[in-house]
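A short worksheet on the structure shown next.
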Amino acid sequence: MAIHADNNLRAALHSVYVAIFNAKQTCPEGFRDNDTTRLLTALMGSKPWSWKVVGVTPEALDLFKQNNFKRPPRLIQRGHKINRVETARQLFDRPTPIMLDEFIHIFLKNDETVLMTAEQNRKKDFPNYIPINNSNAELFPSGSLVGWQHRQVEIDFLRHLYANQEVDLQS
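At position 124 of the sequence shown the residue is numbered 154 (the working numbering), and the sequence of numbers has no breaks.
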């Protein structure tokens, strides 16, 4: 994953974070909390490694099954385990900016998502989900800001996951 290996990218992202942090400190009325959240999303929200999928809810998996494991339009979304607003608070509501490694760690950890139904994503309580191994964010990589690439590898992965869940339920 580029963010872990590319030191220039990491340093560049951190320098933009520090610039936003300093701007918020200097002019808080010009950089409200929702502004820093949007800037953070714009900076890091549409990279292949962003919005990393770490799980899928059983309800979303059933919807995938009903659609032959293809992505049903507008019915499934990636929901953040930790709200992006909370991530911005952790990064910006402090006396000094955090160091590079901690910045990358907080952002990536808080950027983890779960595939869920659109209805589940609207609810306050985070749904139960089936964890998946996607440590390098190679499955369901970001396409557009909130969209993801749903290729044959994702279709095959979901089909296998569904089959294994059926076996687990019968055991």
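The beta carbon of each residue, even a glycine, is placed where N, CA and C say it ideally should be.
To the nearest angstrom, report how far apart residue i and residue j are at their CA atoms.
i, j, result
"Val48", "Asn98", "45 Å"
"Leu191", "Ile33", "28 Å"
"Lys95", "Asn140", "28 Å"
"Phe137", "Thr117", "7 Å"
"Gln179", "Lys77", "12 Å"
"Asn166", "Thr87", "20 Å"
"Glu59", "Ile50", "13 Å"
"Arg40", "Lys153", "33 Å"
"Arg68", "Val46", "13 Å"
"Phe61", "Arg189", "45 Å"
In the DSSP assignment, the beta strand (DSSP E) including residue i goes from what residue to what residue?
i, result
"His110", "Ile106 to His110"
"Gly85", "Val83 to Val86"
"Thr126", "From DSSP, Thr126 is part of no beta strand (DSSP E); its letter is neither H nor E."
By the DSSP assignment, the alpha helix (DSSP H) with residue i in it spans what residues?
i, result
"Thr56", "Asn37 to Thr56"
"Leu169", "That residue, Leu169, is in no alpha helix (DSSP H); it is neither H nor E in DSSP."
"Thr67", "Asp63 to Met74"
"Thr117", "Arg114 to Phe122"
"Glu149", "Ala148 to Arg152"
Do residue i and residue j have their C-beta atoms within less than 8 Å of each other?
i, j, result
"Asn151", "Gly109", "yes"
"Lys82", "Phe156", "no"
"Leu91", "Ile134", "no"
"Glu142", "Val183", "no"
"Thr147", "Ile185", "no"
"Thr71", "Arg114", "yes"
For the candidate residues the options, whose alpha-carbon lies nearest to that of residue i?
i, options, result
"Ile162", "Arg101, Gln195 and Phe133", "Gln195"
"Leu93", "Ser172, Ser165 and Leu145", "Leu145"
"Ala42", "Pro102, Asp65, Glu89 and Leu73", "Leu73"
"Arg119", "Asp65, Thr56 and Asp186", "Asp65"
"Gly75", "Gly173, Pro102, Ala193 and Phe122", "Gly173"
"Met129", "His44, Asn38 and Asn37", "His44"
Consider the Cβ of residue i: report whether some Cβ of chain E lies at a distance smaller than 8 Å.
i, result
"Pro125", "Here chain E cannot be found, since the structure has a single protein chain."
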